[in-house]
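Residue numbers (UniProt numbering): 1 to 440.
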Amino acid sequence: MGVSPSLLATVERTYASYEADLSVPEIVYAEEVALALAICNFNTMDGGLHGGQIERIRYQYEAQDEVRRIARSYASLSEYDTKEICRVADFSSSTGEFAIRIAKGIHQNMEFLKQVLPVQHEVAQKINTPLHYRVRLLLSELARDWSVEGEVERKQSYEPLLKELPSERCRVLVPGCGTGRLAYDVAVLGHDVEANDFDIMKLAAANAVVSRSTDDPFVIEPYCLDTCNRMKRDDHIRKPGGKLAYVKGGGKHAFKSNDAIDYVMAHPSMREMAGVWWAAFPYPRFELVSVPDCDVDREALGRISVNGFEFTEAYGVPAKHESFDIVLTAAFIDTAPNVFVYIKTIANVLKPGAKWANTGPLGWLYDGDRFNSGRDGKFLRRLELSHEELMEAISAKWFDIERSELVPGCRYCGDRRTMLETDLTFVNFVAIRNNTPVEY
1 MGVSPSLLAT VERTYASYEA DLSVPEIVYA EEVALALAIC NFNTMDGGLH
51 GGQIERIRYQ YEAQDEVRRI ARSYASLSEY DTKEICRVAD FSSSTGEFAI
101 RIAKGIHQNM EFLKQVLPVQ HEVAQKINTP LHYRVRLLLS ELARDWSVEG
151 EVERKQSYEP LLKELPSERC RVLVPGCGTG RLAYDVAVLG HDVEANDFDI
201 MKLAAANAVV SRSTDDPFVI EPYCLDTCNR MKRDDHIRKP GGKLAYVKGG
251 GKHAFKSNDA IDYVMAHPSM REMAGVWWAA FPYPRFELVS VPDCDVDREA
301 LGRISVNGFE FTEAYGVPAK HESFDIVLTA AFIDTAPNVF VYIKTIANVL
351 KPGAKWANTG PLGWLYDGDR FNSGRDGKFL RRLELSHEEL MEAISAKWFD
401 IERSELVPGC RYCGDRRTML ETDLTFVNFV AIRNNTPVEY
């Protein structure tokens, strides 16, 4: 893959150039911010650049710009502000530390991304949007799907669908699978699953996560750049903290030292040494976003197949006719540039009498608009149906609506600490495939 000279120039910036860039008279705490930039600087030149590296670089570069922005914002304070108000509020002594904490979070994410996106893929060649947007969304979706942070959201989104599965083993299609947790949960229940998503980066991340365990998880910082709507100064950072609890001989003990916490986290085998076992407390006591949050069932993984092609092109063909017993869609319908084609495609893959279960919002925020609107006219013709219109469209020809309900108070990729809480109303429905044939 060709790389523009400007991008290469960005990658090859040195610590000295960062420091020179920040050492202007109006910039205070230049040394601390330069250190922060050095922390989040990452060696992306090993082995040459490829698709995965370009996405990491774009994320890194945006993150570094954010650190600079924070420094310049603090630098814009007047002398009175810095000497009086900030001194009282203890802001002045923490400005550099604030940037460094963000930079450490960025570095943590870069370490993760280096392992998740080590190979070239064609998607990076097709997308003409700032790739850092996709990386930040990926980190949020991983937290939602594979960490304790997302447990409440998964319960809202996935449990209604899992309840629709039959007791006997069947073939299940999960389009728009994202980072894969719903497909995995279906496979754990003993079913054969085909997971489909057009975003190869998400599929690569899911593959990396399921290769780990709770004893050796990835640690990510999905919110480190979200500095707005914080209740407390460090609410955007997840870090070891609080008490490290364990049980020994029936009595409870705790390490309060972060050094002790860090050591045990780095040496998981300590958990079972000398008769010590961990209390049944989830990871939030460490305030770390660790993925995965479960010990992955390897046998279940063997029941999952993955399709990385665009949904309608992959499944709207005669070869896929009546090939599945149930389709589960979570936050998928409103990704359609043309929802009628989605409905027809789902009808094509289901056997008569088979079930389509859905949950999710009607935001119609198709990412293809950002990625492909300049290259493919179909993304400019997106249809934005109301709930009433959607139900009429589904039941017009190939489906009978068994039940439908609106579920308020749901969330998608939210941060449990933020002051900005967006509640969504999900559309939950179950539709049964009738005998009307699909025309090609």
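Note that the Cβ used here is the ideal one computed from N, Cα and C, for glycine as well.
The beta-bridge partner set that DSSP reports for residue 359 consists of 330. The C-beta distance from residue 348 to residue 316 rounds to 6 Å, short enough to meet the 8 Å contact threshold. Residue state for residue 354 is assigned as strand, using DSSP reduced to three classes. In the DSSP assignment, residue 164 is bridged to no other residue. Taking a 10 Å sphere around the C-beta of residue 69, we find fewer than 16 other C-beta atoms and assign the residue as exposed.
Put simply, of 158, 150, 214 and 202 the residue whose alpha carbon is nearest the alpha carbon of residue 113 is 202. Annotated three-state conformation of residue 335 is helix, per DSSP. Below 8 Å, enough C-beta pairs join the segment 181 to 193 and the segment 293 to 312 to call them touching: three or more. Spatial neighbours of residue 318 in its own chain (CB-CB distance under 7 Å, excluding positions within 5 residues in sequence) are listed in chain order as 440. Each of 388, 238 and 330 was checked against the Cα of residue 416, and the nearest Cα belongs to 238. Only buried fits residue 107, as 16 or more other CB atoms lie within 10 angstroms of its CB. Within the DSSP secondary-structure output, residue 403 pairs in a beta bridge with 430. DSSP places residue 288 outside both helix and strand once states are collapsed to three, so it counts as coil.
Annotation for residue 208: no beta strand (DSSP E) segment contains it, though the alpha helix (DSSP H) segment containing it runs 200 to 209. Selection 389, 397, 382 and 183 evaluated against residue 352 yields 397 as nearest (Cα-Cα). Collapsing the DSSP output to three states places residue 73 in a helix. Non-local C-beta neighbours of residue 217 in its own chain, meaning closer than 7 Å and more than five positions away in sequence, comprise 290, 291 and 292, ordered along the chain.
Here residue 421 has 411 and 414 as same chain residues with Cβ atoms under 8 Å from its own Cβ, once five neighbours each way along the sequence are excluded. The residue from 159, 143 and 305 with its alpha-carbon nearest to that of residue 220 is 143. Distance from residue 327 to residue 364 at the Cβ level is roughly 20 Å; contact not present, criterion being Cβ atoms closer than 8 Å.
Taken through DSSP and simplified to helix, strand or coil, residue 295 comes out as coil.
Looking at 151, 407 and 431, the one whose alpha-carbon comes closest to that of residue 164 is 431. Residue 322 sits close to residue 350, with the two beta carbons spaced by under 8 Å.
Residue 145 is positioned such that its CB atom lies closer than 8 Å to that of residue 179.
The C-alpha of residue 305 lies about 49 Å from the C-alpha of residue 73.
Between residue 176 and residue 335, the gap from beta carbon to beta carbon is short of 8 Å. Linking residue 173 to residue 427 through their CA atoms gives a straight-line distance of about 19 Å. Between residue 311 and residue 196 the beta-carbon gap is near 6 Å, inside 8 Å, which marks them as a contact. Taking residue 140 as the centre and dropping the five residues before and after it, the same chain places the C-beta of 222 and 413 closer than 7 Å to its C-beta, in chain order. The C-beta distance from residue 343 to residue 401 rounds to 12 Å, too long to fall under 8 Å, and the pair is not in contact. Residue 337 and residue 418 have their C-alpha atoms roughly 31 Å apart.
Judged by DSSP secondary structure, residue 192 falls within the beta strand (DSSP E) whose first and last residues are 192 to 196. Only residues of its own chain outside the window of five on either side were considered, and among them 179 and 180 have a CB closer than 6 Å to the CB of residue 206, listed in chain order.
Counting only runs of at least 4 residues, the segment 130 to 161 fully encloses the following alpha helix (DSSP H) elements, listed from N- to C-terminal order: 131 to 146.
In this chain, the alpha helix (DSSP H) harbouring residue 311 covers 311 to 315.
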